[in-house]
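Engineer: Protein chains in written order, with the working numbering: chain A, 11 to 213; chain B, 122 to 740.
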C-alpha cells in the first residue's frame, strides 16, 4: 500500500451537462423505485388472491385486522401536498419573481418529514401484529419501505435547500435540481396513492 | 474526518468490524432476546443489525459519507475531484473510473477464485457415490456458497472491470456520470463476498443460490448472511446500471451517434436496463424474506397467510433477466473483438443492436418457465413456453452477426480471438440445450437433474467466463500498460477449452441418467462418469492457475510495455496513450468515423483527437 503524494485534477464538466446527468439519473432512480414497489403491489395482489388458509386478512379465516384510516389519510395528504408544493416551487423558479420557491420547498420538506413521523407513530398503535396474516405483512413491508424512501427523498430536498441557502445566486442550477427532485418525489407520490387505495380501500 | 484519519481499506475493515459488534448489540437490545425460530437460540435481528452497521462502518471507513454530509450542510457539488497516484489508490475510495475498473478486476477475480475452489470441493465429494468428504448439510452449504458467490460475482464480472473502465473511453467521455456511486458499487461487492462467506460461521444455508422459501424461513442464521449479501449485490447492480446508462445517454462525444456506438457499449446499455429494473425486485424479495425472519411477518409462509410461490415469482422476475445481465456484455465483447481480428466490418451492426435490445425486452416475460415444475397453473405454461422459445430468435440474430463477420475472413488467431471463437461454440451448446428446458414436457423430466446444471454452466461459464477472458487478453494491455504472455495465454486457452467441455458435456448424460442436482450421493453406476467429470474439473482448475501464473509473470516479473494499439483496432479506447491519462482526453474528441470500418476503402479515422492522443495506426 505504498502511497505517492502526487495529485491531479479531473477537469470539470459544464453545468448544463451536470444538470442533464442528474435529471436523467432521477428518471432512472424513479424507474428503479417503481419496480421496487411493484414487488409489494404484486405481493398484495398475489397473496390476496391466494388467501392461503383463509388467512389473508388476519389470524382467523374470514376476519380482517383493523386499519387506522385516519392516519393513512394524514400521511397521504402530507405526501400529496408536499409533491404539489415542490411543483409550485418549480413554477416559481421558472417564473420571473422566484419569491416563493424557498418557502414552498421548506414546506414540502416539513410535510414530508411529518409523513415519516405520522407513519412511525402509527406503528406504535397499529391494532394488529406483523404475524397476523398476509395483509399485515404487506402493510408493514410496503409502508415501512415507503417511509424509508420518503426520508431519503427529504434528505435530498434538504441538500437542495441548504445548497441554495449558501449560494443563492445560482438560481438556474437550483431550478434544475428541484426539477430532478420533483420527478422522484412525484413518483413516490404515485406510489403513496396506490398504497392508500390498496391498503386502506381495497384491503 | 479525512484530515484526522487516512481513510482506506484498513479503516474500512476496522470500522466494519466495530460496526458489526455495535449493530449486533443494538439488535439484541431491540429484539430483547426474542427467538423467532422455534428450537434455536439465534437472534436474527442482532445478525441483520450487525451486518447493517458493518456496512455503514465499512462505507464510512472508506469515506463514502464525507461528501453526502457536506452536501447536507450546503456545500456545493464537488467537481473537480482530487486523485492520488500510486498503488494506494487501489485500496481506498477512488472516483477515477480506470482505478475502479482495476479494483473490480482483481476484487471480483479473487472471489471468483474462491467460488471456483468451492467447485473443486464439490467435485471432490462427488468422486464417490456415497458421502465421503462432507456431510450432507455441509455439502448443501458448499453448493449454495459456490452458486451464490459465482452468480453474485459474475454479475459484475464484465461490467465491473471492463464496463467501468472502457465505456467512458469508448464514447469519448472523461469520466462516468456518477463517479462516487460508481466507487460505491465496487466497494459493496467485496463486502457482499465477505458477508456471504461469513455464512460458514453461522451454520451455512441449505437453499442453494436461489434461496427458496419456506426452507429459507426455517434455516439457521447462515441464511441471514445469504440474504444480506445478495441485497448488497442487488443495490450494487442497480446503481451500476443506473450509472452506466446515465453515462452512455448523456456523455457521448460529439459525432458519437447511435449507429457509431461500439457494440460493446450497446451490450452494456441493454444490460443496464435490466440491472436498473430487475435488481429492485430482487432487493424487495430479499427484504420480504428478511422481514419474515426478523419481524415475524409471513410473506412466504402459508401458515400465516403468505405463500412460498411469492418468493419464487419475485426471485425469478429478477433471476431470468439476471441470466442476460451475465450474457449480454459477453455478446458485446465477442462482437467487439471479431472485426478487429478478421479485419472486416461487423456484419449486421443494426441487427446486432436490435438483437440485444430484443433479448433485454423479452427477458422480462419468461421467468415463469423456472416454475414449470413448481405447480404453476397449467394454462400459463404455453405462454411462458412460447416467450422462452421466442427469446432464442434475437439470440440467434446475435449469433448470425458473429458468423457473418467470420464468413470468408482471414482470421488472426490471437488469444482474445480464440476465446471469442470458443464463446460461440460453447454458447451454441448452452443455447440449444436451453430449448429443451423451455419446452414444458422435456423440462419437467430434466429440470431437477444435472442436465440443467450442464446447460447453465455452458451458458454462464462457457459464455460469460470465456468472454471475460477474451476481454482480459484484449484489453488488459491498455489497462495495465503491460503485455500478457501470449504463449501462456494459448496454453491457458486450450487447457480451459478442452477441460471445460470434458467437465460439463458429460453432465448432460448424467442428467439424462437421472442424477439429481444438489445431492451428495448418487447411484453407483454413475461413478465412472462422475470421476471423469471430477478429473476434468480439477484440470479446469489448473487452467485457471495457469492464467493466474501468467498474470503474475507478465505484470510482476516480465513487465513488457504494451504498445498504444497492439491489435491495430479502430476502437476509440485504443487511440489514447497507454497508460491512459487521468482525464482520458485532453479535449473531448470529435467522432468522425464508424468503429468497424476495417478494410473499407477511404474510411475516415474514427475520431479527431488532439496531437497528444492522436490516433494510432489502424489498417
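Where a beta carbon is used, it is the ideal one built from N, C-alpha and C, also for glycine.
Identify every residue that forms a DSSP beta bridge with residue 712 of chain B.
Structural biologist: Residue 712 of chain B sits at position 591 when you count from the first residue of the second chain. In the DSSP output, where bridge partners are listed per residue, residue 712 of chain B has B:728.
Engineer: Go through its chain and collect everything with a Cβ distance to residue 538 of chain B's Cβ below 6 Å, but skip five positions before and after it.
Structural biologist: The residue you call residue 538 of chain B lines up with position 417 of the second chain. Excluding residues within five positions, the ones whose Cβ falls inside 6 Å are 462.
Engineer: Under 7 Å Cβ to Cβ from residue 284 of chain B, same chain only, skipping five residues before and after it: list those, please.
Structural biologist: In the second chain, residue 284 of chain B corresponds to position 163, counting from 1. Cβ within range, chain order: 365, 389 and 450.
Engineer: May I have the straight-line CA-CA distance separating residue 49 of chain A from residue 417 of chain B, to the nearest angstrom?
Structural biologist: If you number the first chain from 1, residue 49 of chain A lands on position 39. If you number the second chain from 1, residue 417 of chain B lands on position 296. Computed Cα separation, rounded: 19 Å.
Engineer: Going by other Cβ atoms of all chains shown within 10 Å of its Cβ, with 16 needed for buried, is residue 246 of chain B buried or exposed?
Structural biologist: Translated into positions along the second chain, residue 246 of chain B becomes position 125. Residue 246 of chain B comes out buried.
Engineer: Can you look up residue 559 of chain B in the DSSP assignment and give me helix, strand or coil?
Structural biologist: For the purposes of this step, residue 559 of chain B is taken as residue 438 along the second chain, with counting starting at 1. Residue state, collapsed to three classes: helix.
Engineer: Can you confirm whether residue 49 of chain A, when its beta carbon is compared against all beta carbons of chain B, has any partner nearer than 8 Å?
Structural biologist: The sequence position of residue 49 of chain A within the first chain is 39, counting from 1. Chain B, which has a Cβ nearer than 8 Å to the Cβ of residue 49 of chain A, makes this yes.
Engineer: Quick check on residue 637 of chain B: does DSSP put it in helix, strand or coil?
Structural biologist: Here the question's residue 637 of chain B lines up with position 516 in the second chain. Three-state DSSP puts residue 637 of chain B in a strand.
Engineer: Can a CB atom of chain B be found closer than 8 Å to the CB of residue 13 of chain A?
Structural biologist: Here residue 13 of chain A refers to the residue found at position 3 when the first chain is read from its first residue. Only weak support exists for where residue 13 of chain A lies, its pLDDT of 45 falling under 50; the value from the coordinates is given anyway. With 8 Å as the cut-off, residue 13 of chain A counts as an interface residue toward chain B.
Engineer: For the candidate residues B:350, B:446, B:400 and B:444, whose alpha-carbon lies nearest to that of residue 175 of chain B?
Structural biologist: The residue given as residue 175 of chain B occupies position 54 in the second chain. Checking every option, the nearest Cα to that of residue 175 of chain B belongs to B:350.
Engineer: Starting from the Cα of residue 103 of chain A, find the closest Cα among A:192, A:205 and A:203 and give me that residue.
Structural biologist: In the first chain, counting from the first residue as 1, residue 103 of chain A sits at position 93. Selected option, being the one with the closest Cα: A:192.
Engineer: Taking only runs that begin and end inside the stretch 572-645 of chain B, name each unbroken alpha helix (DSSP H) of 4 or more residues, in chain order.
Structural biologist: Those alpha helix (DSSP H) runs which fall completely within the stretch 572-645 of chain B and span 4+ residues are 587-601 and 607-633.
Engineer: In its own chain, which residues sit with a C-beta less than 8 Å from the C-beta of residue 714 of chain B, not counting the 5 before and 5 after it?
Structural biologist: Position 593 of the second chain, counting from 1, holds the residue named residue 714 of chain B. Closer than 8 Å at Cβ, skipping near neighbours: 381, 691, 724, 725, 726, 727 and 728.
Engineer: Cutting at 7 Å between CB atoms, please list the residues of its own chain near residue 551 of chain B, excluding the five before and the five after it.
Structural biologist: Within the second chain, numbered from 1, the residue matching residue 551 of chain B stands at position 430. Once the five neighbours on either side are set aside, the close Cβ partners of residue 551 of chain B are 576, 579, 580, 583 and 584.
Engineer: How long is the line joining the alpha carbons of residue 201 of chain B and residue 704 of chain B, rounded to whole angstroms?
Structural biologist: On the second chain, position 80 is the one that residue 201 of chain B refers to. On the second chain, position 583 is the one that residue 704 of chain B refers to. Any reading at residue 201 of chain B needs caution, since the residue's pLDDT is 49, under 50, leaving its predicted position unreliable; the model's value is listed next. Taking the straight line from one Cα to the other gives about 11 Å.
Engineer: Where does residue 570 of chain B sit, in a helix, a strand or coil, going by DSSP?
Structural biologist: The count along the second chain starts at 1 and reaches residue 570 of chain B at position 449. Of the three classes helix, strand and coil, the one that applies to residue 570 of chain B here is strand, per DSSP.
Engineer: May I have the straight-line CA-CA distance separating residue 607 of chain B from residue 594 of chain B, to the nearest angstrom?
Structural biologist: Position 486 of the second chain, counting from 1, holds the residue named residue 607 of chain B. Position 473 of the second chain, counting from 1, holds the residue named residue 594 of chain B. Rounded to whole angstroms, residue 607 of chain B to residue 594 of chain B spans 9 Å at the Cα level.
Engineer: Could you run through the stretch 54-69 of chain A and flag, in chain order, every residue whose CB is less than 9 Å away from some CB of chain B?
Structural biologist: Of all residues in the stretch 54-69 of chain A, 56, 57, 60, 61, 62, 63, 64, 65, 66, 67, 68 and 69 have a Cβ within less than 9 Å of some Cβ in chain B.
Engineer: Judging by CA-CA distance, which residue of B:587, B:287, B:631 and B:612 is the nearest neighbour of residue 384 of chain B?
Structural biologist: Within the second chain, residue 384 of chain B is the residue found at index 263, counting from 1. Answer by Cα proximity: B:287.
Engineer: From the DSSP output, read off the bridge partner residues of residue 93 of chain B.
Structural biologist: Nothing can be reported for residue 93 of chain B, as the shown portion of chain B is limited to 122 through 740.
Engineer: Comparing C-alpha positions only, which one of B:168, B:313, B:195 and B:188 sits nearest to residue 229 of chain B?
Structural biologist: Taking the first residue of the second chain as 1, we reach residue 229 of chain B at position 108. For the residues B:168, B:313, B:195 and B:188, the minimum Cα distance to residue 229 of chain B belongs to B:313.
Engineer: Taking beta-carbon pairs under 9 Å, can you tell me which members of the stretch 161-179 of chain A lie near chain B?
Structural biologist: Residues 165, 168, 169, 171, 172, 173, 174, 175, 176 and 177.
Engineer: Whole angstroms are fine: how far does the CA of residue 700 of chain B sit from the CA of residue 685 of chain B?
Structural biologist: As a first step, residue 685 of chain B is located in the second chain; it is residue number 564 there, counting from the start. As a first step, residue 700 of chain B is located in the second chain; it is residue number 579 there, counting from the start. Each residue's Cα considered, the two are about 8 Å apart.
Engineer: For a minimum of 3 consecutive residues, which ranges assigned as the beta strand (DSSP E) are wholly contained in the stretch 647-704 of chain B?
Structural biologist: The qualifying runs do not exist here; there are none.
Engineer: Mind checking which residues open and close the alpha helix (DSSP H) that includes residue 163 of chain B?
Structural biologist: Residue 163 of chain B sits at position 42 when you count from the first residue of the second chain. It is not in any alpha helix (DSSP H) - residue 163 of chain B carries neither H nor E in the DSSP assignment.
Engineer: When DSSP labels each residue in this structure, what does residue 201 of chain B get in the three-state scheme?
Structural biologist: Numbered from its first residue, the second chain carries residue 201 of chain B at position 80. Residue confidence for residue 201 of chain B is low, a pLDDT of 49 falling below 50, so the modelled location carries little weight; the figure read from the coordinates is stated next. Coil at residue 201 of chain B, not helix or strand.
Engineer: Just to confirm my understanding: we take residue 333 of chain B, look at its own chain, exclude 5 residues before and 5 after, and list those with CB closer than 8 Å. What are they?
Structural biologist: Counting from 1 along the second chain, the entry for residue 333 of chain B is found at position 212. Only 429, 432, 433 and 436 meet the Cβ criterion.
Engineer: Mind listing the chain A neighbours of residue 367 of chain B? Cutoff is C-beta to C-beta under 8 Å, in chain order.
Structural biologist: Here residue 367 of chain B refers to the residue found at position 246 of the second chain. Residues of chain A passing the Cβ test: 31, 34, 35 and 38.
Engineer: Throw me the rounded Cβ distance for the residue 664 of chain B and residue 620 of chain B pair, which I believe falls under 8 Å.
Structural biologist: If you number the second chain from 1, residue 664 of chain B lands on position 543. If you number the second chain from 1, residue 620 of chain B lands on position 499. With 8 Å as the limit, residue 664 of chain B and residue 620 of chain B qualify as a contact, their Cβ atoms being about 6 Å apart.
Engineer: Do you know offhand how far residue 372 of chain B's Cα is from residue 28 of chain A's?
Structural biologist: Here the question's residue 372 of chain B lines up with position 251 in the second chain. Here the question's residue 28 of chain A lines up with position 18 in the first chain. Near 10 Å, if we compare the C-alpha coordinates of residue 28 of chain A and residue 372 of chain B.
Engineer: With distance defined between alpha-carbon atoms, name the residue in A:74, A:184, A:194 and A:36 nearest to residue 145 of chain A.
Structural biologist: Within the first chain, residue 145 of chain A is the residue found at index 135, counting from 1. Nearest option by C-alpha distance: A:74.
Engineer: At a CB-CB cut-off below 9 Å, which residues of chain B make contact with residue 136 of chain A?
Structural biologist: Numbered from its first residue, the first chain carries residue 136 of chain A at position 126. What residue 136 of chain A touches in chain B: nothing, since even the nearest Cβ is about 12 Å away.
Engineer: Beta-carbon within less than 6 Å of residue 658 of chain B's beta-carbon, same chain only, minus the 5 sequence neighbours each way: which residues are those?
Structural biologist: Indexing the second chain from 1 puts residue 658 of chain B at position 537. For residue 658 of chain B, where only same-chain residues beyond five positions count, the Cβ hits under 6 Å are 244 and 624.
Engineer: Under a three-way DSSP split, which group does residue 422 of chain B fall into?
Structural biologist: Within the second chain, the letter at position 301 stands for residue 422 of chain B. Residue 422 of chain B falls in the coil class under three-state DSSP.
Engineer: Evaluate residue 534 of chain B with the Cβ neighbour count: other Cβ atoms within 10 Å of its Cβ, from every protein chain shown; 16 or more gives buried, anything less gives exposed.
Structural biologist: Numbered from 1 along the second chain, position 413 holds the residue referred to as residue 534 of chain B. Residue 534 of chain B should be labelled exposed.
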